[in-house]
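Down below is the structure, laid out as structure tokens.
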Amino acid sequence: MTRSDLQRLENAIWIVARLIDLSGEDYWPILDRLEKEREAFLSRQDRLARHLARTSLSNGAHQH
Numbered sequence: 001m002t003r004s005d006l007q008r009l010e011n012a013i014w015i016v017a018r019l020i021d022l023s024g025e026d027y028w029p030i031l032d033r034l035e036k037e038r039e040a041f042l043s044r045q046d047r048l049a050r051h052l053a054r055t056s057l058s059n060g061a062h063q064h
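Take the sequence shown: its letter number 5 is residue 5 in this note's numbering, and every next letter is one higher.
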């Protein structure tokens with residue numbers, strides 16, 4: 001998933017939230033699914049950044 005995918009997810013979340021606000025409860029399962037996908041993406045990005053930072057520190061220590 002890319003940053004543009006994240007933007008699409010956030011836009012879809014906003015649209016579904018408006019649908020819930022205007023039309024009622026029927027769209028909650030869709031909102032739940034979109035939120036889970038967004039959180040999974042952000043979690044993967046955070047985990048990747050931590051691993052890359054740790055690898056970068058390890059490589060720097062070996063270069064000295």
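Idealized CB from N, CA, C, for every residue including glycine.
Sort the options by Cα distance to residue i and report the nearest one.
i	options	result
Leu31	Leu57, Ile20 and Ser4	Ile20
Arg3	Ser56, Gln45 and Asn59	Gln45
Contact check, residue i vs residue j under 8 Å by CB: the rounded distance?
i	j	result
Ile13	Leu42	Not quite, the Cβ-Cβ distance comes to about 13 Å (not below 8 Å), so this is no contact.
Glu10	Arg38	7 Å
For residue i, which of helix, strand or coil comes out of DSSP?
i	result
Thr55	helix
Check for me: the alpha helix (DSSP H) holding residue i runs from which residue to which?
i	result
Asp5	Arg3 to Ser23
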